[in-house]
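Positions 19 to 119 (the numbering used here) are the ones given, in order, by the sequence shown.
Shown next, in C-alpha cells, is the structure this report addresses.
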Amino acid sequence: IANDLAVTASLTKISLAENNLGEEGTKLICEAVKSNTTIKELDLSGGYPSYNNIGGLAGAKHMANMLNVTTSVTSIDVGYNNIGQAASLELLAAMKGKNMV
19 IANDLAVTAS
29 LTKISLAENN
39 LGEEGTKLIC
49 EAVKSNTTIK
59 ELDLSGGYPS
69 YNNIGGLAGA
79 KHMANMLNVT
89 TSVTSIDVGY
99 NNIGQAASLE
109 LLAAMKGKNM
119 V
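In C-alpha cells, the structure reads:
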C-alpha cells in the first residue's frame, strides 16, 4: 500500500483505521504520504481491542515528521490510539501554524 500511495495522483483521502500498523507500518505510510501531493485526509485512528494503531510515541513522531514536510494534508485522525501526552504534543507542534483539523 505504501508504495502505491507514493505514486497515486488521484487519491485525496485514505483510511487505514484499526489496522494495527504499528510503528513500522506508520513510518512506511508517512514516508509515502510525504511524496504524494494529493492526499488531504489521513485516518490512522485506532480502536478496540488494542487502541494502538500507529505504534505510540514512535509512530506519532513519524506522523509529526510527515506533517512538517507535507503541505497537502489538512486533516488527520489519530483518535483511539492511546498515544499519551508526549505524542499529542509532537503532533500539535507539527500542526501549529497550519490550517488543519
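Backbone N, C-alpha and C fix where the C-beta goes; we use that ideal spot for every residue, glycine too.
Name the two residues that bound the continuous beta strand (DSSP E) containing residue i.
i, result
"K79", "Here K79 belongs to no beta strand (DSSP E); instead the alpha helix (DSSP H) covers 74-87."
"L60", "59-61"
Looking at the unbroken alpha helix (DSSP H) that takes in residue i, where does it start and where does it end?
i, result
"E41", "40-52"
"E36", "No alpha helix (DSSP H) holds E36; DSSP gives it neither H nor E."
"L23", "20-25"
When you compare only the Cα positions, how much space is there between residue i and residue j?
i, j, result
"A24", "A111", "25 Å"
"N54", "P67", "31 Å"
"N21", "S28", "14 Å"
"G97", "T26", "26 Å"
"N99", "I19", "21 Å"
"N86", "S93", "14 Å"
Does the Cβ of residue i have 16 or more other Cβ atoms within 10 Å, making it buried, or fewer, making it exposed?
i, result
"E108", "buried"
"S63", "buried"
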